[in-house]
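This note's numbering applies: residue -5 is where the sequence shown begins, and numbers increase by one. Cβ coordinates follow ideal geometry from the N, Cα and C atoms, glycine included. Here the structure is a predicted model, which is why all the values come from computation and not from measurement. As structure tokens, the structure follows; a few thoughts come after it.
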Amino acid sequence: MKLLPAVSNPIPGHHPKPPLLPKVIDNKLHYEVKKILDTCLFCQKLQYWVLWKGY
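So, in structure tokens, the structure goes:
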């Protein structure tokens, strides 16, 4: 079986926007959260399912 090259645009006519770049504050990258969708406990630590702004 041979692998085929990936299709650069799998949905014809669809041109997705590039993701927003993170903001740099105090030489650290910061991403904006649009919405927290869910939370869960994993190994006694709280984790968040996040919808990031621009994605």
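Query: To the nearest angstrom, how far is it from the Cα of Val1 to the Cα of Asp20?; Result: 39 Å
Query: Is the beta carbon of Leu23 less than 7 Å from the beta carbon of Pro13?; Result: no
Query: In whole angstroms, give me the CA-to-CA distance for Cys34 and Gly48.; Result: 24 Å
Query: Between Val18 and Val27, what straight-line distance do the alpha-carbon atoms span, to the nearest angstrom?; Result: 15 Å
Query: Under three-state DSSP, which class holds Gln38?; Result: coil
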